[in-house]
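Chemist: Just passing along the structure, written as structure tokens.
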């Protein structure tokens, strides 16, 4: 719990220390100095001294009091005083509008760690509705879903899906898929749970959730007759690109072929065929490469002009000038605006 809580409160202090929303001009140099002393004490880990100063500044009705309340909330979170944290973050939101989204977010965090998941759901939803462009939107979406799961809501899987739709490559993506699977298990939706666990298996190898997801998937397969893998081909295509970036060309080729062979593989056919052509060419197999490039060119999709250029290049390398000329003409006729024409 400590590690997760530190992830929550770190950005909170950063926002305060950067001086966002600092009143101009300051209310008085004395109170400003006091607030700086509190921040310095906090930075040194002297929370007792920081609290004494901040509690004296908190009654101020303006931004100064809002800042004091905000940092008091941070200290309360770190000291596991969740009920007081909720109260002072509410005050900070009222007194310091420029940090209101942060204050409401950490109020929701306090409710979550207090185990009041229903209040946390409402608070995270308030952040999302009031501040749709907040930099904390991704975190609010994720922890809203976690809060819904905390109350065993049937809406939890959909909430995880909302997070993944917007932040599918985010820091919490693997955990979101895993916890979505857990939520589906609680609802007895075995096939949906298996699909969620498979997304971790195919898309997040190396994640701390990979092994637990594989274990859950294995247990489900033993206990239930599961539907076929419905992982979309885009997952395997992205995995192939990651393999290419890591120099794992054999694995990348296997992933691309798998994506193409899927019933919905047509969605990634243009990209996959082009990448297969490049890989084959780099392996010294020009005939194989030409086959992939021809198939891609025939799709008349985004990579068609690139593939025709590669076909021309392969023909010239093999001293087939007539074929190269034919490809050049096709490229010029079909894609006159292409940089390869």
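Numbering (mature numbering (1 follows the signal peptide of the UniProt record, and there is no 0)), first residue to last: -29 to -1, 1 to 312. By construction, the Cβ of each residue, glycine as well, lies at the ideal position given by its N, Cα and C atoms. All values reported here derive from a predicted model rather than from experimental measurement.
1) With residue 75 as the anchor, note down where its alpha helix (DSSP H) starts and where it stops.
2) Secondary structure at residue 7, three-state DSSP: helix, strand or coil?
3) Between the C-alpha atoms of residue 28 and residue 46, what's the straight-line distance to the nearest angstrom?
4) Run through DSSP, which three-state label would residue 128 get?
5) Using the Cα positions of residue 126 and residue 154, report the straight-line distance between them to the nearest angstrom.
6) Which of the three DSSP states, helix, strand or coil, is assigned to residue -9?
7) Confirm, please, whether the CB-CB distance from residue 91 to residue 118 is below 7 Å.
8) Three-state secondary structure (DSSP) at residue 263?
9) Could you have a look at residue 311 and say whether DSSP puts it in helix, strand or coil?
10) If I measure Cβ to Cβ from residue 200 and keep anything under 7 Å in the same chain, skipping five residues before and after, which residues do I get?
11) Tell me which same chain residues have a C-beta within less than 7 Å of the C-beta of residue 96, skipping the five on either side of it?
12) Tell me the rounded alpha-carbon separation between residue 270 and residue 239.
13) To the nearest angstrom, how far is the alpha carbon of residue 145 from that of residue 285?
14) In chain order, what residues of the same chain have a beta carbon less than 7 Å from the beta carbon of residue 20, not counting five sequence neighbours either side?
15) Assuming residue 161 contacts residue 197 under a Cβ cut-off of 8 Å, what Cβ separation, rounded to an integer in Å, is found between them?
16) If you scan the segment 22 to 60 from start to end, which runs of the alpha helix (DSSP H) of 4 or more residues do you find wholly inside it?
17) For residue 220, which residues from the same chain have a beta carbon less than 8 Å from its beta carbon, with the 5 sequence-adjacent residues on both sides left out?
18) With DSSP as the reference, label residue 98 as helix, strand or coil.
19) For residue 130 and residue 311, what's the separation of their Cα atoms in angstroms?
20) Does DSSP put residue 200 in a helix, a strand or coil?
21) Residue 147 lies in the alpha helix (DSSP H); which residues open and close that run?
Modeler: According to the structure data:
1) The residue you call residue 75 lines up with position 104 of the chain shown. Start and end: 71 to 84.
2) The residue given as residue 7 occupies position 36 in the chain shown. Note: residue 7 maps to helix in three-state DSSP.
3) The count along the chain shown starts at 1 and reaches residue 28 at position 57. The count along the chain shown starts at 1 and reaches residue 46 at position 75. A direct Cα-to-Cα measurement between residue 28 and residue 46 gives close to 15 Å.
4) What you label residue 128 is simply residue 157 of the chain shown in a count that begins at 1. In the three-state reduction of the DSSP assignment, residue 128 falls in the helix class.
5) The residue given as residue 126 occupies position 155 in the chain shown. The residue given as residue 154 occupies position 183 in the chain shown. Cα to Cα, the separation comes out at about 9 Å.
6) Walking along the chain shown from the start, residue -9 turns up at place 21. Caution applies to residue -9, whose pLDDT of 44 falls short of 50 and renders its modelled position unreliable; the value that the coordinates give is listed next. The three-state reading of DSSP puts residue -9 in coil, since its state is none of H, G, I, E or B.
7) Position 147 of the chain shown, counting from 1, holds the residue named residue 118. Position 120 of the chain shown, counting from 1, holds the residue named residue 91. Yes, the pair counts as a contact, with Cβ atoms nearer than the cut-off.
8) By one-based count along the chain shown, residue 263 stands at place 292. In the structure shown, the three-state DSSP call for residue 263 is helix.
9) Here residue 311 refers to the residue found at position 340 of the chain shown. Secondary structure at residue 311: coil, using DSSP grouped into helix, strand and coil.
10) Start at 1 with the first residue of the chain shown, and residue 200 comes out as number 229. Within the same chain, residue 200 has close Cβ partners 169.
11) Here residue 96 refers to the residue found at position 125 of the chain shown. Only 115 meet the Cβ criterion.
12) As a first step, residue 270 must be located in the chain shown, where it is residue number 299. As a first step, residue 239 must be located in the chain shown, where it is residue number 268. Taking the straight line from one Cα to the other gives about 11 Å.
13) One-based indexing of the chain shown puts residue 145 at position 174. One-based indexing of the chain shown puts residue 285 at position 314. Looking at the two C-alpha atoms, the distance is approximately 41 Å.
14) Here the question's residue 20 lines up with position 49 in the chain shown. The answer, listed in chain order, is 12.
15) As a working note, residue 161 is residue 190 in the chain shown. As a working note, residue 197 is residue 226 in the chain shown. Confirmed, about 6 Å.
16) Whole alpha helix (DSSP H) segments, 4+ residues: 34 to 49.
17) If you number the chain shown from 1, residue 220 lands on position 249. Apart from the 5 residues on each side of it in sequence, residue 220 sits with its Cβ closer than 8 Å to the Cβ of 214, 250, 253 and 254 in its chain, given in chain order.
18) As a working note, residue 98 is residue 127 in the chain shown. Reduced to three states, the DSSP call for residue 98 is helix.
19) By one-based count along the chain shown, residue 130 stands at place 159. By one-based count along the chain shown, residue 311 stands at place 340. Using only the alpha carbons, I get a separation of about 45 Å.
20) By one-based count along the chain shown, residue 200 stands at place 229. It is coil, neither helix nor strand.
21) Position 176 of the chain shown, counted from the start, is the residue given in the question as residue 147. 144 to 157 is the span of the alpha helix (DSSP H), which, as asked, contains residue 147.
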